[in-house]
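Everything below concerns the one structure shown next.
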Amino acid sequence: DRIIDEPDAVRVDVVAAGPLRGELRVVRLYRWPAPVEVTTSIDLRAGEPFCRVRVGFYNPCDDHRIRFHIPLAETTDHSSAEGQFAVVERGLEAEAGFGEVALPTFPAYGFVDAGGVAVLLDHVLEYELLEGKELALTVLRSTGLISRSAHAYRESPAGPEVEIPAAQCRGAWGVGFALYPHGGDWQEARVLERLEEYRHPFLTSRGKGAEPGPRDGAGPELRGDGVVLSSLRRREGSIEARVVCEQPRPVSAGFGDDEFDLRPWEIRTLTLGG
């Protein structure tokens, strides 16, 4: 494999520099080998302990992987990543199946945390903890075949050698995430709360009427350290809520007028009044 990790040129523009919001736009020119302009926007908003990052580019090349590298505040030997209603701790190495080379790349759904930095995600991304010093996020992976007969990491192919041209992922691509530096582990830093704040920003819209603004109101409050709301919907005349304890210990929790205890990693479905 050929590794390309240095741009041919870099330009930094100040997009916003006010008391409520600051934004930088970094434009890098690479050759993959075709020339590609990669734009990274870094957005810092007042009151948020994390910065929002957006990476965008037009992919003209085939058969490559693009990764965003994040240096860590301190060296570590493990990562913690939210997955299927749980937070999974992983080391620097991975197990492999029969006839395979172990590759320590893993999935993360909501966040991945290592070495004093949490990466808050919009959707599932692949990551790797490199020598305990960097997190590498896979932004794009392009390939032209389902599998290969002569594979450097497998004794036998994972599937047929069938062409899949659309999987080269040519065209415009972008990915967003946030970087949250912190002290302590992901529980002490309340990374789950920061993830909720990142994924559900305050919504605004321009009004057209001359009447006063909307009346004050409040919905049911979710309580409990490390307890998250995964679903809220109206069903058969009632409101159904699903909550999850994403902690390795029991938690006393509440939602609306209901109070209850949750076991570690327990999923609980609640029925509220209509």
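Per the working numbering, the very first residue in the sequence shown carries number 1012; after that it's consecutive.
Quick reminder that beta carbons are idealized off the backbone N, C-alpha and C, glycines included.
Considering only C-alpha positions, which residue in the set the options is nearest to residue i?
| i | options | result |
| --- | --- | --- |
| T1282 | R1205, D1268 and G1126 | D1268 |
| A1119 | G1110, C1062 and S1091 | S1091 |
| V1025 | H1080, V1038, I1014 and A1169 | V1038 |
| P1275 | R1245, A1264, C1256 and S1263 | C1256 |
| G1235 | V1066, P1060, R1260 and P1176 | R1260 |
| E1142 | D1019, L1136, V1254 and T1116 | T1116 |
| E1051 | L1040, L1233, P1060 and E1059 | As written in the sequence, residue 1051 is Thr, which differs from the Glu given in the question. Measuring from the Cα of T1051, the nearest candidate turns out to be L1040. |
| I1015 | E1059, D1054 and R1078 | R1078 |
| E1111 | V1135, L1103, E1232 and A1161 | A1161 |
| R1042 | G1058, E1247 and A1020 | A1020 |
| G1127 | G1194, K1219, G1058 and K1144 | G1194 |
| I1081 | L1140, D1012 and I1278 | L1140 |
| L1083 | D1133, A1105 and K1144 | K1144 |
| R1245 | E1232, E1100, F1271 and T1280 | T1280 |
| R1165 | D1196, L1136, G1108 and E1174 | G1108 |
| G1237 | S1216, E1199, E1247 and P1223 | E1199 |
| L1103 | R1159, V1262, Q1095 and T1086 | T1086 |
| A1105 | Y1138, V1254 and R1076 | Y1138 |
| R1076 | D1012, V1254 and S1167 | D1012 |
With DSSP run on the structure shown, which of helix, strand or coil describes residue i?
| i | result |
| --- | --- |
| A1229 | coil |
| E1247 | coil |
| L1103 | coil |
| A1118 | Sequence inspection shows Pro at residue 1118; the Ala mentioned does not correspond to that position. Here P1118 sits in strand by DSSP. |
| P1082 | strand |
| P1176 | helix |
| A1045 | coil |
| V1112 | coil |
| I1157 | coil |
| P1030 | coil |
| P1192 | strand |
| Y1164 | coil |
| R1039 | strand |
| W1184 | strand |
| H1134 | coil |
| T1051 | strand |
| I1015 | coil |
| V1067 | Correcting the residue type first, residue 1067 is Gly in the shown sequence and not Val. Strand, per DSSP. |
| H1075 | strand |
| D1236 | coil |
| T1282 | strand |
| A1057 | coil |
| D1088 | coil |
| A1097 | coil |
With residue i and residue j assumed to form a contact (beta carbons below 8 Å), what rounded beta-carbon distance in angstroms separates them?
| i | j | result |
| --- | --- | --- |
| E1172 | L1146 | Not a contact, Cβ separation roughly 33 Å. |
| F1122 | L1206 | 5 Å |
| V1098 | G1187 | That pair is no contact at about 21 Å. |
| D1124 | V1202 | 6 Å |
| A1229 | L1243 | A1229 to L1243, Cβ: 15 Å. No contact. |
| L1114 | A1189 | So it is not a contact: roughly 26 Å between Cβ atoms. |
| D1074 | T1154 | 6 Å |
| Y1191 | A1129 | 4 Å |
| V1066 | G1185 | 6 Å |
| I1053 | L1031 | Going by Cβ atoms, the distance from I1053 to L1031 rounds to 16 Å, so no, they are not a contact pair. |
| V1049 | P1071 | With 8 Å as the limit, V1049 and P1071 do not qualify as a contact, their Cβ atoms being about 12 Å apart. |
| F1266 | P1231 | 6 Å |
| L1233 | V1254 | 7 Å |
| G1029 | L1055 | Contact flag wrong, Cβ pair sits at about 11 Å. |
Report task. Tell me the start and end of each unbroken alpha helix (DSSP H) in the stretch 1200–1225 that is at least 4 residues and wholly inside, in chain order. Result -> If we require 4 residues or more, the alpha helix (DSSP H) runs fully inside the stretch 1200–1225 come out as 1202–1210.
Query raised in the report: Using 8 Å as the threshold, is the stretch 1143–1156 in touch with the stretch 1019–1035, meaning 3 or more CB pairs across them?
Result: Under the Cβ criterion (8 Å, minimum of three pairs), the stretch 1143–1156 does not count as touching the stretch 1019–1035.
Query - Inter-stretch contact at 8 Å, needing at least 3 Cβ pairs: the stretch 1173–1184 / the stretch 1210–1217 - result: As far as the Cβ criterion goes, the stretch 1173–1184 does not touch the stretch 1210–1217, which means the pair count is below three.
Query raised in the report: Enumerated in chain order, which unbroken segments of the alpha helix (DSSP H) with a length of 4 residues or greater are wholly contained in the stretch 1249–1276?
Result: Counting only runs of 4 or more, we get nothing.
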